[in-house]
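Below is one structure, written out as structure tokens, with a few remarks after it.
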Amino acid sequence: MDTRVKTNGRVAIMAHCLLNQNSKPYMRARFPGVVWEILDILRKYDLAIIQMACPEVSFTGLNRFSSVIEQYDTPKYRAHCGDIARMVVDQIAQYPSYNYKTIVIGVDGSPSCGVDLTGTSKDWRGHPSSVKTEGYPVAEGRGVLMQELQSEMESRGLSFYPAFGIGLDIHGINLKEIDSSFEAQLREHLKSF
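Numbering (my numbering), first residue to last: 102 to 294.
Encoded structure:
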């Protein structure tokens with residue numbers, strides 16, 4: 102038997118840092134290595150995984166502070182994110198022909214991978230000590246990579262939804278509730294898959 106059948110053709114397109122917290126900006130990793138709680142949920146529901154490249158690491162490197170969308174939303178960075186989005190969509194372009202279904206998992210609060218919330222402020226300069234004292238400024242919006250991914254998917258007739266934002270880049274979020282909240286949302290969406 103073809104083992105692909107066991108996943109029911111369900112594939113999660115994931116933000117890089119959920120599988121590699123070492124890619125986070127200085128003082129921003131919330132877990133050592135992998136966010137196992139999220140990975141365990143995907144495993145429980147038999148989802149395969151595509152890990153997107155981290156646009157921030159490949160554009161600015163590891164030695165960086167936290168940034169907001171106003172710092173990253175430049176023509177060069179948007180083109181860089183567009184290149185990553187095209188590579189991802191190239192991988193999944195044939196999925197509908199095989200009845201494969203995709204979900205997108207980003208990181209809410211991220212200026213690149215936020216799904217529903219992104220880091221945003223005209224005044225923010227990303228000094229890490231400010232995160233502890235003032236909190237990281239977050240508002241409704243989609244990060245640059247997620248905007249480009251949605252645009253590329255829709256231009257090829259693929260749905261960006263369902264898309265989930267794991268709130269790792271939101272100051273003060275209860276990390277112990279992230280997995281149960283995500284699992285409840287995922288379980289609801291999988292009913293229609």
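We put the beta carbon where it would ideally sit given N, CA and C, even for glycine.
Decide yes or no for the touch test of the stretch 123-136 against the stretch 161-173: beta carbon pairs closer than 8 angstroms, at least 3 of them.
yes
Given a cut-off of 8 angstroms on the beta-carbon distance, is the pair V112 and A154 in contact?
Going by C-beta atoms, V112 is not nearer than 8 angstroms to A154.
Given 8 angstroms, three or more beta-carbon pairs between the stretch 174-186 and the stretch 242-258:
yes
If you pair each beta-carbon of the stretch 212-219 with each one of the stretch 196-204, do three or more pairs fall below 8 angstroms?
no
On the DSSP bridge list, what partners appear for L218?
E241
To which residues of the same chain is E249 closer than 7 angstroms at the C-beta, ignoring the five residues directly before and after it?
So the qualifying residues of the chain are R179, C182, G183 and A186.
Grab me the residues of L120's own chain with a C-beta within less than 6 angstroms of its C-beta, minus the 5 sequence neighbours each way, in chain order.
V135 and Q152
Simplified DSSP state of M128, which is helix, strand or coil
coil
Under the assumption that I139 contacts D280 (Cβ atoms under 8 angstroms), give the Cβ distance between them as a whole number of angstroms.
6 angstroms
Does K223 come out as helix, strand or coil in the three-state DSSP assignment?
coil
Return helix, strand or coil for A113, following the three-state DSSP convention.
strand
Report the CB separation of D217 from E241 in whole angstroms; it is logged as a contact under 8 angstroms.
Taking 8 angstroms as the upper bound for CB-CB distance, D217 and E241 are in contact here, some 7 angstroms apart.
Strand pairing of H207, partner residues [DSSP]
The residue you asked about is not His; residue 207 is Gly in the sequence shown. DSSP output for G207 lists G266 as bridge partner(s).
Which listed residue (G110, K145, T175 and A264) has its alpha carbon closest to that of V208
Selected option, being the one with the closest Cα: A264.
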